[in-house]
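Notes follow the structure.
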Amino acid sequence: MSGVTKIGFTEEQIDMLSAAERFCREKSPMEKVRKLMESERGFDADVWKEIGPLGWLGIAIPEEYGGVGLSLTEVVPVVEQMARRMMHSPFVATTLAAQAVIMGGDDFQKKKLLPEIAQGAAATVALSERNADWNLENIDTTARFDKTGYVLSGVKTFVADIYAAKWVIVSAKMEGGHIGLFIVPTDALYGEAIRREIIIDETKRSYELFLDKVFVDEEALLDDSLSSQILEHIHLAANLLSAAELTGAAQSCIDYTVEYLGTRKQFGKLIGAFQALKHPTVDAFVDYQKSRSLLYTAAYNFAQQGEGEVAVRMAKVKAEETLSFAADRSIQFHGGFGFTYDCDAQLYRRRAIFLASQYGDARYHKQKLADLLLKA
Amino acid sequence: MSAEIAEFEKDALGWFAENTPGAQDFMLPLTFMEVGTNQQFEFLRDWQRKVYEAGYLGAAWPKEYGGGGLTQAHQDVATKAMKAHNAPIMFNTIGLGWAGPLILDMGTEAHKQKYIKGILNAEDVWCQGFSEPENGSDLGNAQLRAVRDGDEYVLNGSKIWTTHGHYAKYMILLARTDFDAPNKYAGLSFFLSPMRVAGIETHKIRKLTGEHGFTQTFFTDARIPADGLMGAEGAGWQVAMQTLMYERNAKGGQAGGYSITEVNPLEILELARKAERGGKPVLEDPVIRERLVDFMIEAQAMRQNAGRAKLPPLNQDCPQALPLMSKLVMTEYMREINQFALSLQGTKAGYYVDEPNAVDDGYWHRGYLNAFSATIGGGTSQIQRNIIGEHALGLPKTR
């Protein structure tokens, strides 16, 4: 077991934390979150335009490609604070797509995408399929070589924010049986190729992507000798950011519950005085504190071989369990109001279910951890 | 880490490598609350004195009172070295961890001269007189009567669950000096009381494990010197609350060492490796594997909580949360992991301490039953949740 793994922070990370805290609080009050839930794209295009110049999309992009030259360590607090205000944008999807290019792109590909992303262009990834498997290598989409490029065919699910994206990174089986990752410009896709999925987290946007013999040129293929490593990296990066989202949301979910417990009266008493409500709320808070420690440990150690993987999986497990419990109890403790659409508790519960469903739930990660940590 | 600290750590590691005692022919207490026999007591007293004399206990306490006169960083690496060698506990916990820092923070010069050295060299064992038979969680309602008579106070009443009561020379005592105070808290005063005076008697209480380890203490017209009063008369509740902050590790200043041996999940992993079910190792059972991972995540979370508590930028929203919750988290973890360890023993889970066939001589059974001493003592887990809820989250008061 990684007994030596240590929590820590970087100065840049703390700068991001306080900047993102302020920005998200100002730009994403709950009334606005509710309004954006009703919108087609699910995010505020004006706020998104501000994020580019802030440099947040370039945090983990190397300086030579127009980024800040830091890492996902410094991206974590930004995502945590966005989720704390339930602010949705293509930020996470774009970050994951950029990670794929940073790891598998050649100089030409990097020059083509990364500076533009760092300036504010969105991108996304299309890795999941209808088999609902968290193993990203279990796919049926094919890439057939055809003279000067590849022809992609298949169906991708849970493609986040594709309408905002300029590029989508698509995984497909090559003729040799191994996997290739392709940079597909979204303007190569026809309108009917995209269908909005109805997902449980209504603050987010997700799409099904029908690839019907979509042609991309040879330069669309990322280094296919690295595909497995890239997919593993995306899997861990997605889970790290997912843990950040779950932890940020848990904080506001608990604040929301505490607020109600401190104002609602029954039997002549504030209901938060009753231990049947107080103690589970404290348990959720204690879990949240643990989640945050594990999250920042994972952020700090993400780049460490082995240790980083253990830390990320632990962070995702704990964060998912924390938000699931906190939000489940929040619905219950709001009583009749908790059963309504207007009560925000449901938003948090739905967020936890959705994030559990993507890139592996707590049980899946525990199995992975068992294989890593419990040698017979 | 400075070169000086690194050097000190290296010396400490070397010293504990050489001096940490091996297995004894009796069971060593895992926590300071488990000292039940004279043999255990004498062993731990001698061990603590030896560690102190080597300079690895009280390293950060002032030199003029018997401490090492070094920094907290020195003591921290010494404590780490103890842990690294799985050394026996520093058993005089109530002195080292609670009374000592209290005396250093708010005692008189005379108090410091009189008490500090004896705490460190284990010459003076300390106990705590807070709970009473009728007032446990409702500590503020303590009724033991203390009446001023010249240079003395006269004590009448009883205290219970007194760990080390039988061995103690001194007690930190919460008593009622004013029965007409405007509220129950305002009538309390806090004393550093001698134990070996006429009118104080201790009666052993048998624990759920079947062993002895704590006492009920009876006070019948017992006279103690008035200079043992800590803080003003009537300010006892505030002093007691400060003491509990040390006890729950929510406030620093302790002499160092540890008083509870933590269970590392890797130890129960060993149990799971050895145990068989249906002819197969229990370690292959997916449910067991998941539970083991849960404990590893929990242990990691505790370790990283402790790390994060030292990083203010990562606790800005609620700085008191991590210190306030550490007692609850640690003690509940210990109870759960010991309990889980029993489930890995098949039929042998039915054995008990001293049975030759028992796994690890009944270590886990004793550990589980004794774990309740910490989930109940020092404020029950339920009281801890009230405290966290009210002080960290600002929830309405239960009482």
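If you're matching them up, the sequences are chains A and B in order. Take 1 as the starting number for the first sequence in the working numbering and just add one per residue. Take 1 as the starting number for the second sequence in the working numbering and just add one per residue. Glycine included, C-beta positions come from ideal geometry on N, C-alpha and C. The structure presented is a predicted model; accordingly, all values stated were derived computationally and were not measured.
Item: If you draw a straight line from the C-alpha of A/Q251 to the C-alpha of A/L189, how long is it?; Value: 39 angstroms
Item: Check this for me: beta carbons of B/A371 and B/I268, under 8 angstroms apart or not?; Value: no
Item: Reducing DSSP to helix, strand and coil, say where B/P225 ends up.; Value: strand
Item: Return the residue from the list B/P396, B/P319, B/V329, B/Y115 that minimises the CA-CA distance to A/A273.; Value: B/P396
Item: Assuming A/I179 is part of the beta strand (DSSP E), what are its boundary residues?; Value: 179 to 185
Item: Ends of the alpha helix (DSSP H) at B/I387?; Value: 381 to 387
Item: Could you tell me whether the stretch 314 to 324 of chain A touches the stretch 362 to 369 of chain A, where touching means 3 or more Cβ pairs closer than 8 angstroms?; Value: yes
Item: Answer yes if the stretch 215 to 226 of chain B comes into contact with the stretch 147 to 166 of chain B, meaning at least three C-beta pairs across the two stretches below 8 angstroms, and no otherwise.; Value: yes
Item: Run down chain B in chain order and give the residues with a C-beta less than 9 angstroms from the C-beta of A/Q275.; Value: Q382, R385, N386, G389, T398
Item: State the DSSP-derived secondary structure class of B/A358, mapped to helix, strand or coil.; Value: coil
Item: So is B/T79 buried or exposed if we call it buried at 16+ other beta carbons inside 10 Å?; Value: buried
Item: Taking 8 angstroms as the cut-off, decide whether the C-beta atoms of A/P90 and A/F43 are in contact.; Value: yes
Item: Using beta carbons (cut-off 8 angstroms, strictly below), is A/Y296 in contact with chain B?; Value: yes
Item: Could you pull out every residue in the same chain whose Cβ sits closer than 7 angstroms to the Cβ of B/N338, ignoring the five residues on either side in sequence?; Value: V263, W364, G367, Y368, A371
Item: Output the boundary residues of the alpha helix (DSSP H) element that contains A/D15.; Value: 11 to 27
Item: For A/A126, which residues does DSSP report across the bridge?; Value: A/V170
Item: With a threshold of 8 angstroms, are at least 3 pairs of Cβ atoms found where one atom belongs to the stretch 135 to 143 of chain B and the other to the stretch 98 to 111 of chain B?; Value: no
Item: Could you check if B/A181 is buried or exposed, using at least 16 other CB atoms within 10 Å of its CB as the buried criterion?; Value: exposed
Item: Taking the continuous beta strand (DSSP E) assigned at B/P194, which residues delimit it?; Value: 188 to 194
Item: To the nearest whole angstrom, what separates the beta carbons of A/I230 and A/L181, a pair I think is in contact under 8 angstroms?; Value: 6 angstroms
Item: What does a CB cutoff of less than 6 angstroms around A/M1 pick up in its chain, not counting 5 residues either side in sequence?; Value: Here A/M1 scores only 44 on pLDDT, less than 50, and its place in the model is too uncertain to base an answer on.
Item: A/Q99 and A/E219 - do their beta-carbons sit closer together than 8 angstroms?; Value: no
Item: What are the residues in the stretch 241 to 268 of chain A lying within 7 angstroms of chain B by C-beta distance?; Value: V258, L261, G262
Item: By the DSSP assignment, the alpha helix (DSSP H) with A/T281 in it spans what residues?; Value: 275 to 301
Item: Quick one: what's B/A146 bridged to in DSSP?; Value: B/L155
Item: Looking at the structure shown, is B/V35 part of a helix, part of a strand, or coil, going by DSSP?; Value: coil
Item: In chain order, what residues of the same chain lie with their CB nearer than 8 angstroms to the CB of A/L241, ignoring the 5 residues before and after it?; Value: L72, V75, V76, V79, V92, T95, L96
Item: Closer than 8 angstroms, CB to CB, is B/A321 near chain A or not?; Value: yes
Item: Tell me the residue span of the beta strand (DSSP E) that contains A/R196.; Value: 194 to 196
Item: Excluding the 5 residues flanking A/P185 on each side, which residues of the same chain have their C-beta closer than 6 angstroms to its C-beta?; Value: W167
Item: With DSSP as the reference, label B/M230 as helix, strand or coil.; Value: strand
Item: I'd like to know if B/N305 contacts chain A, where contact means its C-beta is closer than 8 angstroms to some C-beta of that chain.; Value: yes
Item: If the cut-off is 7 angstroms on Cβ atoms, which residues from the stretch 301 to 320 of chain A count as contacting chain B, listed in chain order?; Value: M314, V317, K318
Item: Given 8 angstroms as the limit, is there contact between the stretch 253 to 265 of chain A and the stretch 146 to 161 of chain A, that is, 3 or more CB pairs closer than that?; Value: no
Item: Spell out whether any CB of chain A is found under 8 angstroms from the CB atom of B/M296.; Value: yes
Item: Taking the alpha-carbon positions, what's the A/S228 to B/G278 distance?; Value: 38 angstroms
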